Amino acid sequence: MTQSPSPNRDALPWYRQKVFWLLMSGPMIVVVAAFASFYFASSTADDMVSDDYYKDGKHINLQIERDSEAAKRKITAQVLFNPQADAAKVFVSGDFPREQPLQLVLMHPAKQAFDQTVPLKAGGTSGDKAEYQATFAPLAAAAHWYVRVEDANGQWRVQSKWLPNQGGAVELKPKPAAP
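Each residue of the sequence shown is one higher than the one before, counting from 38 in the numbering used here.
Below, the structure written as structure tokens:
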């Protein structure tokens, strides 16, 4: 009695070997993931990294001087956002010329494209506070925003972080000078 020869596994071509595909699946997945990572990295620009560190350092010193000037003048501000987050009332107190133009700066924590700079429209005074109005494009959803009130000449500024989920008001005070 003769037996028919059993097929030899080694006689199969390489592309039919299960072990080959098992071993090659890892490197193939890595190559696909690398191309996907490269695509995502190149299609979304990172706005938070600067190329000119020296210029940024000089700019930081200038900003510290603006904070010190606001502290000297005892300038504070309160910003009240409406529920739709597309308008605000701003109350500013301290030693500054009331006729001087002011602006409200709204900065998104991650996307510079969502930042807005809005000129404030004078609305009168209430006690020692000057009242201003601001209308702007609706703010994008974010856990927090950086809010700044400054004069148009760049002499002083007050700023703070606003958490929208904790209410529509934020108090802006000058940062204390570093020792």
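All residues carry an ideal CB built from backbone N, CA and C; glycine is no exception.
The model shown is predicted, which means the values in this text are computed figures rather than measured ones.
_Leu143 versus Val68: straight-line alpha-carbon distance, rounded_ = Position 106 of the sequence shown, counted from the start, is the residue given in the question as residue 143. Position 31 of the sequence shown, counted from the start, is the residue given in the question as residue 68. Approximately 41 Å, taken between the alpha carbons.
_Quick check on the DSSP output: the alpha helix (DSSP H) that includes Pro156 runs from which residue to which?_
Stepping through the sequence shown from its first residue, residue 156 is reached at position 119. Boundaries around Pro156 are those of the beta strand (DSSP E), 153 to 156, since no alpha helix (DSSP H) includes it.
*Secondary structure at Lys55, three-state DSSP: helix, strand or coil?*
As a working mapping, residue 55 is identified with position 18 in the sequence shown. If DSSP states are grouped into helix, strand and coil, Lys55 belongs with the helices.
*asked:* Here's the rule I'm using: 16 or more other beta-carbon atoms within 10 Å means buried, otherwise exposed. How should Phe128 be labelled?
replied: Here the question's residue 128 lines up with position 91 in the sequence shown. Per the 10 Å Cβ criterion, buried.
_Among His145, Leu157, Ile101, whose alpha-carbon lies nearest the alpha-carbon of Lys126?_
Working through the sequence shown from its first residue, we reach residue 126 at position 89. Taking only the C-alpha atoms, the option nearest Lys126 is Leu157.
*Among Gln153, His181, Trp193, Arg194, which one has its Cα closest to the Cα of Gly205?*
The sequence position of residue 205 within the sequence shown is 168, counting from 1. Answer by Cα proximity: His181.
*Consult DSSP for Lys148 and reduce its assignment to one of helix, strand or coil.*
If you number the sequence shown from 1, residue 148 lands on position 111. Three-state result, Lys148: coil.
_For Phe133, the nearest candidate out of Trp51, Ala108, Asp152, Pro146 (CA to CA)_ = For the purposes of this step, residue 133 is taken as the residue at position 96 of the sequence shown. The candidate whose alpha carbon is nearest that of Phe133 is Ala108.
_Looking only at its chain, what residues have a beta carbon closer than 6 Å to the beta carbon of Arg185, apart from the 5 residues adjacent to it on each side?_
If you number the sequence shown from 1, residue 185 lands on position 148. Closer than 6 Å at the Cβ level, and outside the excluded window around Arg185, lie Val142, Arg194, Gln196.
_Cutting at 6 Å between CB atoms, please list the residues of its own chain near Glu208, excluding the five before and the five after it._
As a first step, residue 208 must be located in the sequence shown, where it is residue number 171. If we look at Glu208 and ignore the five residues flanking it on each side, its Cβ neighbours are Gln115.
*asked:* Under DSSP, the beta strand (DSSP E) around Leu200 begins and ends at which residues?
replied: Within the sequence shown, residue 200 is the residue found at index 163, counting from 1. Looking at the DSSP string, Leu200 is not in any beta strand (DSSP E), and its letter there is neither H nor E.
*Inter-residue Cα distance where the pair is Asp152 and Ala124*: Working through the sequence shown from its first residue, we reach residue 152 at position 115. Working through the sequence shown from its first residue, we reach residue 124 at position 87. So the alpha carbons of these two residues sit roughly 15 Å apart.
_Option in Thr113, Trp199, Gly191 with minimal Cα separation from Ile101_ = As a first step, residue 101 is located in the sequence shown; it is residue number 64 there, counting from the start. Minimum Cα distance to Ile101 is reached at Gly191.
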